[in-house]
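**Q**
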Amino acid sequence: MTFSESAVLQALPKQFFASLVKHVNARIAAGHDVINLGQGNPDQPTPDNIVRAAQQAVAKPGNHKYSLFRGLPSFKQAAAEFYEREYGVQLDPEKEIAVLGGSKIGLVELPLALMNPGETILLPDPGYPDYLSGVTLARVKLALMTLTADHDWLPDYAAIDPAVADAAKLLYLNYPNNPTTAVATPAFYDQTVAFAKAHHIGIVSDFAYGALGFDGQRPVSFLQSPGAKEVGIELYTLSKTYNMAGWRLAFAAGNADMIEAINLIQDHLFVSVFLRFRKQVSKHCLVIRHRCPN
1 MTFSESAVLQ
11 ALPKQFFASL
21 VKHVNARIAA
31 GHDVINLGQG
41 NPDQPTPDNI
51 VRAAQQAVAK
61 PGNHKYSLFR
71 GLPSFKQAAA
81 EFYEREYGVQ
91 LDPEKEIAVL
101 GGSKIGLVEL
111 PLALMNPGET
121 ILLPDPGYPD
131 YLSGVTLARV
141 KLALMTLTAD
151 HDWLPDYAAI
161 DPAVADAAKL
171 LYLNYPNNPT
181 TAVATPAFYD
191 QTVAFAKAHH
201 IGIVSDFAYG
211 ALGFDGQRPV
221 SFLQSPGAKE
231 VGIELYTLSK
241 TYNMAGWRLA
251 FAAGNADMIE
261 AINLIQDHLF
271 VSVFLRFRKQ
281 VSKHCLVIRH
291 RCPN
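When we follow the UniProt record's numbering, the leftmost residue of the sequence shown carries the number 1, and every step to the right adds one.
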């Protein structure tokens, strides 16, 4: 007896990173010295204090049971305090924070959680390849926003067909940007909030590189713009900030309705992750940041 994938799985785009890693590993196995520029994989170790805290958490039998579906309140509280301290943004940890097993999960599941088949999503071009997986799984229509150097690699909202904008349910942004390295300005995010309100679009800010700034520039958060929480959310990952790409720790913050949708779909997909461990991480990273890398 043979089995075939569903039509939805067959329609998925080729998994860019899985195929790339497979190719890289084959080259390494063949004896080649490979410099892998295909993933944003930190080349420094996770800070010692985080590793020690995780080791202590793993050793406690009480941490080996199922955790709370929607995450420990202590982690969400730490995330809220982190955003207030770093960006001046106040968040309700219970209603405006959702815990994620890595930001990719949130980016892929959001179209499933918030869109109906046939509705339109606006994505940046170029952009992170895994955005397309969520498009296919949710069976939604894709509309691209072309990013150009002439417009500082920011979407030109005036160039978007009003009919497309009115049809759009979600819009993804990613600044600091992968792959262009462009950064967004407060003025751009103010324009984004106005555009979202005018066309009733939910904004998803992929803030994966929020801790990385150069030449004295500090990336701004979408949620710092007035009214941002009314129209969208932001996804923040510990992967780049604390050299923890393999630990799969992230959270979504912002609009309470969008956060509830994330929590609801995750109630059915996951029993959270090792959140007792996350309690230790919140203590040593989000709360005591001066002990971690800048």
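Yeah, the Cβ is synthetic: ideal placement off N, Cα and C, and Gly gets one too.
Just so it is clear, the structure is predicted and the values come from calculations on it, not from any experiment.
1) Considering only the alpha carbon of each residue, which of Thr181, Val99, Asn177, Pro186 lies closest to Leu264?
2) Between the Cα of Asn178 and those of Leu137, Gln191, Ala26, Asp206, spot the shortest distance and give me the residue it belongs to.
3) Could you check if Asp130 belongs to the surroundings of the ligand GDP, using beta carbon to heavy atom distance under 8 Å?
4) Restricting to Cα atoms, I'd like to know which of Val51, Ala165, Gly71, Gln10 is closest to Phe270.
5) For Val183, which residues from the same chain have a beta carbon less than 7 Å from its beta carbon, with the 5 sequence-adjacent residues on both sides left out?
6) What separation, rounded to the nearest whole angstrom, lies between the Cα atoms of Leu235 and Ala29?
7) Mind checking which residues open and close the alpha helix (DSSP H) that includes Thr136?
8) Do three or more CB pairs link the segment 194-205 to the segment 138-148 at distances below 8 Å?
9) Given this structure, state the Cα-to-Cα distance separating Pro61 from Val164, to the nearest angstrom.
10) In three-state DSSP terms, what is Pro162?
11) Using CA coordinates, which residue listed in Ser67, Pro93, Asn36 is at the minimum distance from Ala253?
**A** So, from the listed chains and residues:
1) Locating residue 264 in the sequence shown gives position 264, where the first residue counts as 1. By alpha-carbon distance to Leu264, the top candidate from Thr181, Val99, Asn177, Pro186 is Val99.
2) Taking the first residue of the sequence shown as 1, we reach residue 178 at position 178. Ranking the options by Cα distance to Asn178, first place goes to Asp206.
3) Here there are no bound small molecules, and the ligand GDP is not part of this structure.
4) Taking the first residue of the sequence shown as position 1, residue 270 is located at position 270. The candidate whose alpha carbon is nearest that of Phe270 is Gly71.
5) The sequence position of residue 183 within the sequence shown is 183, counting from 1. Closer than 7 Å at Cβ, skipping near neighbours: Tyr175, Pro176, Gln217, Pro219.
6) Reading the sequence shown from its first residue, position 235 is the one you call residue 235. Reading the sequence shown from its first residue, position 29 is the one you call residue 29. Taking the straight line joining both Cα atoms gives about 35 Å.
7) Counted from its first residue, the sequence shown places residue 136 at position 136. For Thr136, the enclosing alpha helix (DSSP H) stretches over residues 131-138.
8) Output reads no: the segment 138-148 does not touch the segment 194-205.
9) Here residue 61 refers to the residue found at position 61 of the sequence shown. Here residue 164 refers to the residue found at position 164 of the sequence shown. Roughly 53 Å separates the two Cα atoms.
10) Counting from 1 along the sequence shown, the entry for residue 162 is found at position 162. If DSSP states are grouped into helix, strand and coil, Pro162 belongs with the helices.
11) By 1-based counting over the sequence shown, the position of residue 253 is 253. Minimum Cα distance to Ala253 is reached at Pro93.
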